[in-house]
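Trainee: In the numbering used here, the protein residues as written are 726 to 1042.
From the three backbone atoms N, C-alpha and C, an ideal C-beta is built for every residue, glycine too.
What you are looking at is a predicted structure, and each value in this text was computed from that prediction instead of being measured.
So, in structure tokens, the structure goes:
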């Protein structure tokens, strides 16, 4: 049995079940469909504009007001556009017309829209990767808040681009945009921060628990606290991706980060791991690290009891 998580009796308890994987894929698919709506609307708007203002493929070279959109249709991402000047863009559009659109004849508008959707699909993919992490973080925050409430601990949370909000004014939707929480554990303060750069390892860490009361979440406010090794109580990695194909890579990335923390802090703080996609080979390694003390706790994000137990352990540190 894992010392700090009574719901993990062996390594197999950490493995993501088929049902959990299916539910995760369904959740992300529904969210992806929702997030795709603005992209599809943009493609429809482009189609209408082309139908109104062009009669042949060459006419798009004169459409200066939608040129940036046409550049994207030609296969150039938003980030890539920042590295191109007007001459580069003109050359790309001219080549796009000559090599791709002209051979399509009267179906050039359809071709533009299809290719624009391809570029938008890449943008949507990037957005979804961020959303996957946000969904995991939101669930973790909800479970932390639930434990604080059950233990009758007053707390404050700091939503992104906001200010400290007391537990009396907490609303469930705030969990999706929380940057930090703070509470008083008996006589000492605790602060939990998400996605923060830890200077000792020069790396962004998913979850950091400090034994101090932070006043804000900006780098300038946190600098003194974060530079003091004695302020750290626990550090954790949270991986929300449900796809088993990327599970091993997620664990390797997290394990590398935690190993760097371990080397820097000389095992003086608690380390933990939470993952949505945990495969058999990974689970054995994670469980072994918990048994040897390299990890203080671990949980499968899709198993509510495990996550709740980890959160209870964390707020009582």
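Assess contact between the region 806 to 826 and the region 765 to 774, defined as three or more Cβ pairs (one per stretch) separated by less than 8 Å. Is contact present?
Mentor: At 8 Å Cβ cutoff, the stretches do not touch.
Trainee: Whole angstroms is fine: what's the gap from residue 899's alpha carbon to residue 955's?
Mentor: Looking up residue 899 in the chain shown gives position 174. Looking up residue 955 in the chain shown gives position 230. If you take the alpha carbons of residue 899 and residue 955, they lie about 30 Å apart.
Trainee: Taking only the alpha-carbon atoms, compute the straight-line gap between residue 1021 and residue 949 and give it to the nearest angstrom.
Mentor: Your numbering for residue 1021 matches position 296 in the chain shown. Your numbering for residue 949 matches position 224 in the chain shown. One C-alpha to the other measures close to 26 Å.
Trainee: Contact between the region 832 to 845 and the region 864 to 883 is defined here as three or more beta-carbon pairs at a separation below 8 Å; is this criterion met?
Mentor: The answer is no - the region 864 to 883 does not touch the region 832 to 845, with fewer than three Cβ pairs under 8 Å.
Trainee: Taking Cβ to Cβ, would you say residue 909 is nearer than 8 Å to residue 940?
Mentor: Walking along the chain shown from the start, residue 909 turns up at place 184. Walking along the chain shown from the start, residue 940 turns up at place 215. Result no, Cβ atoms of residue 909 and residue 940 do not sit closer than 8 Å.
Trainee: Report yes if the CB atom of residue 788 is closer than 8 Å to the CB atom of residue 778, and no otherwise.
Mentor: In the chain shown, the residue the question calls residue 788 occupies position 63. In the chain shown, the residue the question calls residue 778 occupies position 53. In this structure, residue 778 lies closer than 8 Å to residue 788 by Cβ.
Trainee: Buried or exposed, going by whether 16 or more other CB atoms sit within 10 Å of the CB of residue 850?
Mentor: Position 125 of the chain shown, counting from 1, holds the residue named residue 850. Residue 850 is exposed by the Cβ-count criterion.
Trainee: Out of 887, 916, 810 and 931, state which residue places its alpha-carbon closest to the alpha-carbon of residue 996.
Mentor: Residue numbering aside, residue 996 sits at position 271 when the chain shown is read from its first letter. Out of 887, 916, 810 and 931, 931 has the C-alpha closest to the C-alpha of residue 996.
Trainee: Kindly indicate the opening and closing residues of the beta strand (DSSP E) around residue 913.
Mentor: In the chain shown, the residue the question calls residue 913 occupies position 188. 913 to 923 is the extent of the beta strand (DSSP E) around residue 913.
Trainee: Counting Cβ pairs, one atom from each stretch, are 3 or more of them under 8 Å apart for the region 735 to 746 and the region 1003 to 1010?
Mentor: Yes, the region 735 to 746 is in contact with the region 1003 to 1010.
Trainee: Name the DSSP bridge partner or partners of residue 907?
Mentor: Here residue 907 corresponds to residue number 182 of the chain shown, with the count starting at 1. Its beta-bridge partners are 881 and 916.
Trainee: Exposed or buried, residue 1025, counting other C-beta atoms within 10 Å across all chains shown (16 or more means buried)?
Mentor: The residue given as residue 1025 occupies position 300 in the chain shown. Answer is buried; the Cβ neighbour count reaches 16.
Trainee: Excluding the five sequence neighbours on either side, which residues of its own chain have a C-beta within less than 7 Å of the C-beta of residue 1030, listed in chain order?
Mentor: Mapped onto the chain shown, residue 1030 falls at position 305. Answer for residue 1030: 732, listed in chain order.
Trainee: Pick out whichever of 752, 848, 893 and 942 has its Cα sitting closest to the Cα of residue 802.
Mentor: The residue given as residue 802 occupies position 77 in the chain shown. When each option's Cα is compared against that of residue 802, the closest is 848.
Trainee: Hey, could you find the ends of the alpha helix (DSSP H) residue 827 is sitting in?
Mentor: Within the chain shown, numbered from 1, the residue matching residue 827 stands at position 102. Unbroken run through residue 827: none, as it is neither H nor E.
Trainee: Given residue 1037, which residues of its chain have a CB within under 7 Å of its CB, disregarding the five upstream and five downstream residues?
Mentor: The residue given as residue 1037 occupies position 312 in the chain shown. 872.
Trainee: Can you name, in chain order, every residue of its own chain whose Cβ lies under 8 Å from the Cβ of residue 737, other than the five neighbours on each side?
Mentor: Here residue 737 corresponds to residue number 12 of the chain shown, with the count starting at 1. Cβ neighbours of residue 737 beyond the five flanking positions: 1005 and 1008.
Trainee: Please classify residue 980: is it buried, with 16 or more other beta-carbons within 10 angstroms of its beta-carbon, or exposed?
Mentor: Numbered from its first residue, the chain shown carries residue 980 at position 255. Looking at its Cβ environment, which holds 16 or more other Cβ atoms inside 10 Å, residue 980 is buried.
Trainee: Would you please state the rounded distance, in angstroms, between the beta carbons of residue 885 and residue 864? I believe it to be under 8 Å.
Mentor: Against the chain shown, residue 885 aligns to sequence position 160. Against the chain shown, residue 864 aligns to sequence position 139. Wrong, their Cβ atoms sit about 17 Å apart, outside the cutoff.
Trainee: Starting from residue 960, trace the alpha helix (DSSP H) both ways and give me its first and last residue.
Mentor: Here residue 960 refers to the residue found at position 235 of the chain shown. Run containing residue 960: none in the alpha helix (DSSP H); it sits in the beta strand (DSSP E), 957 to 964.
Trainee: Spell out the partners DSSP gives residue 932 in its beta bridges.
Mentor: Position 207 of the chain shown holds residue 932. In DSSP, residue 932 forms a bridge with 919 and 961.
Trainee: With burial defined as no fewer than 16 other Cβ atoms inside 10 Å of the residue's Cβ, what is the status of residue 929: buried or exposed?
Mentor: In the chain shown, residue 929 corresponds to position 204, counting from 1. Burial call: exposed.
Trainee: What does DSSP give as the partner residue(s) for residue 996 in the beta ladder?
Mentor: As a position in the chain shown, residue 996 is number 271, starting the count at 1. Answer is 960.
Trainee: May I have the straight-line CA-CA distance separating residue 1042 from residue 918, to the nearest angstrom?
Mentor: As a position in the chain shown, residue 1042 is number 317, starting the count at 1. As a position in the chain shown, residue 918 is number 193, starting the count at 1. Using only the alpha carbons, I get a separation of about 15 Å.
Trainee: Counting along the chain, where does the alpha helix (DSSP H) carrying residue 848 start and finish?
Mentor: On the chain shown, position 123 is the one that residue 848 refers to. Residue 848 -> alpha helix (DSSP H) spans 833 to 875.
Trainee: Under three-state DSSP, which class holds residue 737?
Mentor: For the purposes of this step, residue 737 is taken as residue 12 along the chain shown, with counting starting at 1. Helix, per DSSP.
Trainee: I need the straight-line Cα distance from residue 968 to residue 759, nearest angstrom please.
Mentor: To locate residue 968, count along the chain shown from 1; it is residue 243. To locate residue 759, count along the chain shown from 1; it is residue 34. Cα to Cα, residue 968 sits roughly 20 Å from residue 759.
Trainee: Give me the Cβ distance between residue 977 and residue 1000, rounded to the nearest whole Å; I'm assuming they're in contact under 8 Å.
Mentor: For the purposes of this step, residue 977 is identified with residue 252 of the chain shown, where counting begins at 1. For the purposes of this step, residue 1000 is identified with residue 275 of the chain shown, where counting begins at 1. Not a contact, Cβ separation roughly 12 Å.
Trainee: Between the C-alpha atoms of residue 942 and residue 920, what's the straight-line distance to the nearest angstrom?
Mentor: One-based indexing of the chain shown puts residue 942 at position 217. One-based indexing of the chain shown puts residue 920 at position 195. Approximately 10 Å, taken between the alpha carbons.
Trainee: Return the first residue and the last residue of the beta strand (DSSP E) that residue 1025 is part of.
Mentor: Position 300 of the chain shown, counted from the first residue, corresponds to residue 1025. Note, residue 1025: beta strand (DSSP E), 1022 to 1025.
Trainee: Pull up the DSSP beta-bridge partners for residue 890, would you.
Mentor: To locate residue 890, count along the chain shown from 1; it is residue 165. 882.
Trainee: Within 8 Å (strictly less), CB to CB, does residue 741 reach chain D?
Mentor: The structure shown contains no chain D; it is built from a single protein chain.
Trainee: Please report the distance separating the alpha-carbon of residue 925 from that of residue 836.
Mentor: Counted from its first residue, the chain shown places residue 925 at position 200. Counted from its first residue, the chain shown places residue 836 at position 111. Residue 925 and residue 836: Cα-Cα distance of roughly 51 Å.
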